[in-house]
Ligand code: UDP
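Numbering (the numbering used here), first residue to last: -19 to 413.
Set out below in C-alpha cells:
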C-alpha cells in the first residue's frame, strides 16, 4: 500500500457508541500508518481516553445529551439530538482547525454524525462518509425515507438468488413497522448524506455482499470503498468503553476444542446443563438490574467451572480461541465480521435495525448460522447442538471455515483490502491545497 508524507491532515468525526468508536479508531490508525496526521472530533459522551492513542489529537465538542434522551427506547432519538446539538460546535471546531492548519485533506464522518456533511460542504472540504454497518443497509434508506420509492423498487425486482435469499421486502416491511418521527428523519438524513458525500467507506469485504453492492453502486453516485475487515488491519487498537475481563481467556484455555458457546448480547439464556458457555452480561444490560442479580438464586454457583460470566470480554481474542465452537449473538455488524474472520458459526438472535439484515445474510445467504426464534429451553438446546455438534450442522461449520479462508485471502497483499486502501488514499489526495 502507498505511504504518504506526514503533511496531509485528516479530521475524523466520530460518534461515540461502541460499535462506531472501534471501526473509526481502526481507520484512524491505518491512515496514520500511511502518513496522515489525525484529529478526531467527538461528542463529550463516552469520550475516548486520549492517553490510549497518543498519535492522534482529540477534540471534544458539547453534545448536551440528557439522560432521558440516552435511555430512550427509540434508538434514533439520541442520534437526532446529537446532530441537532453538535452541528454548531462542530462547525466552529472545523473552522478553527482549518484556520490553524490552513488545509484539511478530508473530513471523514460516521453516517450517524450526518450533520458533518453540510458543514464540510459549506467549508469547501472533501467529505467522506464511513458506514460502520454492511453496504446492503444502504439500499433501505432511500426507500424508508420515501425519497425515491419508485427507483428503489428495482432492487426488489431483481431475480438474483442472493438478493432473493436476503428477503429484502420482508425486512423492509419489518423495519418500517412503528417507525417514529425521529427514525424517519434520521433515515432521510442518512440517505442524503450517502448521496452527497464524495466517497463512501464501508467496513465490509466485497465478496460478502457482491450482488447487493452492485445495486448500491448503481444507486449512489459516490465511489464505494470496501476496506474491511478493519479489526484485522488494526488489531492493536484499544477501543472498549468497558474494561475487558481477561480471566475468561484462562478459563477458555481449560476447555475442549470447539466446545464452548460464546454468548454476548443476549438477555435470556437457557442452556443444556452440560454445555460449557462464556457469557457476557454488560452491567445495566438487563433493565432494572445492576448486573446478574436477576438470574435465579444460586445460578452462578450451580454453573461452577462449566460456565464463565463476565461483564465485558476481549471478544476478538475469544472468537479466535480454539475452545470456542459457536457464537450466540445479536448480530451487530462488527460482531458478524469478527465471527466470520475466525470461522465461528453463529446462533442469531437479532433485536433491532440492521441486526435483522445481518441475520438474513448469516442464515440465508452465507449459510453459516441458525436463527433462534423460539427461546423455549428444548429448542435452544437442539439448535446449539445442531450448530456445534450434530452431523446436520456439518455444512454450516464447513461453510464458516470456507468464509474465514476467503476473508484471510482478501486481507493478503494481492487481495482486495489493499487495493481499496490505495483507492481511498488517492481519493483523499485528489483535492490539492
Ligand atoms: N465487544 C467486546 N466485548 C464484549 C462484547 C462486545 O469487545 O464483551 C465488542 C465486539 O468485539 C464488537 C463491538 O463490541 O467490536 C460490538 O459491535 P457490534 O456492531 O457487534 O454491536 P453493537 O454494539 O453496535 O450493537
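All residues carry an ideal CB built from backbone N, CA and C; glycine is no exception.
Identified DSSP bridge partners for residue 289: Note: residue 289 sits in a beta bridge opposite 259.
For residue 286 and residue -8, the rounded distance between their alpha carbons: For residue -8 and residue 286, the distance between alpha carbons rounds to 44 Å.
Limits of the unbroken beta strand (DSSP E) element including residue 417: Limits of the chain in this structure are -19 at one end and 413 at the other, which puts residue 417 out of reach.
Contact under 8 Å by Cβ, residue 23 with residue 110: Contact flag unset, no.
Rounded C-alpha distance that separates residue 394 from residue 201: Note on geometry: alpha-carbon atoms of residue 394 and residue 201 lie some 27 Å from one another.
Candidates 241, 50, 268 and 186, of which the one nearest residue 390 by Cα: Scanning 241, 50, 268 and 186 for the CA closest to the CA of residue 390 turns up 186.
DSSP-derived helix/strand/coil call for residue 297: Here DSSP, grouped into helix, strand and coil, assigns residue 297 to helix.
Whole-angstrom distance between residue 311 and residue 264, CA atom to CA atom: Pairing residue 264 with residue 311, the inter-Cα distance amounts to about 20 Å.
Check: residue 346 C-beta below 7 Å from any heavy atom of ligand 1: No, the beta carbon of residue 346 sits no closer than 7 Å to any heavy atom of ligand 1.
Reference residue 410; option with closest CA among 72, 304, 178 and 191: Residue 410 has its Cα closest to that of 178, out of 72, 304, 178 and 191.
Selection from 300, 35 and 58 that minimises the alpha carbon distance to residue 217: Of the candidates 300, 35 and 58, the one whose C-alpha sits nearest the C-alpha of residue 217 is 35.
Chain-order list of residues whose beta-carbon lies under 6 Å from that of residue 93 (same chain, five-residue window excluded): Closer than 6 Å at Cβ, skipping near neighbours: -7 and -5.
Spatially closest choice to residue 221 from 5, 378 and 333, by CA coordinates: The option with the nearest alpha carbon to residue 221 is 5.
Rounded separation between residue 278 and residue 229 - CA only: Residue 278 and residue 229: Cα-Cα distance of roughly 24 Å.
Separation of residue 308 from residue 290, as counted between CA atoms: Roughly 15 Å between the two C-alpha positions.
The region 356 to 366 contacting the region 400 to 409, beta-carbon criterion three pairs below 8 Å: Contact fails: fewer than three Cβ-Cβ distances are below 8 Å.
Sub-8 Å separation of residue 379 and residue 348 beta-carbons: The Cβ atoms of residue 379 and residue 348 sit closer than 8 Å to each other.
Classification of residue -18 by the beta-carbon crowding that lies within 10 angstroms, buried from 16 upward: Because the pLDDT at residue -18 is just 48, under 50, the model does not fix this residue reliably, and the point stays unresolved.
Euclidean distance between Cα positions of residue 117 and residue 81: Between residue 117 and residue 81, the C-alpha separation is close to 36 Å.
Near ligand 1: residue 294 beta-carbon under 7 Å from a heavy atom: Relative to ligand 1, the nearest heavy atom lies less than 7 Å away from the CB of residue 294.
Of the listed residues 408, 182 and 350, nearest to residue 313 (C-alpha basis): Of the candidates 408, 182 and 350, the one whose C-alpha sits nearest the C-alpha of residue 313 is 182.
Chain-order list of residues whose beta-carbon lies under 6 Å from that of residue 368 (same chain, five-residue window excluded): Same-chain partners within the cutoff: 305 and 306.
Under the three-state DSSP convention, the category residue 110 falls into: For residue 110, the three-state secondary structure derived from DSSP is strand.
Span separating the alpha-carbon of residue 385 from that of residue 320: Spanning the two alpha carbons is a distance of roughly 9 Å.
Check: residue 361 C-beta below 7 Å from any heavy atom of ligand 1: It does not: the Cβ of residue 361 is nowhere closer than 7 Å to a heavy atom of ligand 1.
Contact between the region 158 to 172 and the region 54 to 63 (3+ Cβ pairs under 8 Å): As far as the Cβ criterion goes, the region 158 to 172 touches the region 54 to 63, which means the pair count is three or higher.
Integer Cβ distance of residue 56 from residue 163, believed to fall under 8 Å: Rounded to the nearest angstrom, the Cβ distance from residue 56 to residue 163 is 4 Å, consistent with a contact under 8 Å.
Cβ distance (whole Å) where residue 302 is taken to contact residue 224 below 8 Å: The pair is not a contact, with the Cβ atoms about 19 Å apart (cut-off 8 Å).
Cβ contact check for the region 328 to 346 and the region 142 to 152: 3 or more pairs under 8 Å: Enough Cβ pairs lie closer than 8 Å, so yes.
Environment of residue 184 [buried if 16+ CB atoms lie within 10 Å]: Answer is buried; the Cβ neighbour count reaches 16.
Residue 161 to residue 102 span [Cα, whole Å]: Distance from the CA of residue 161 to the CA of residue 102, rounded to the nearest whole angstrom, comes to 27 Å.
Backbone secondary structure at residue 244 - three-state DSSP: Of the three classes helix, strand and coil, the one that applies to residue 244 here is strand, per DSSP.
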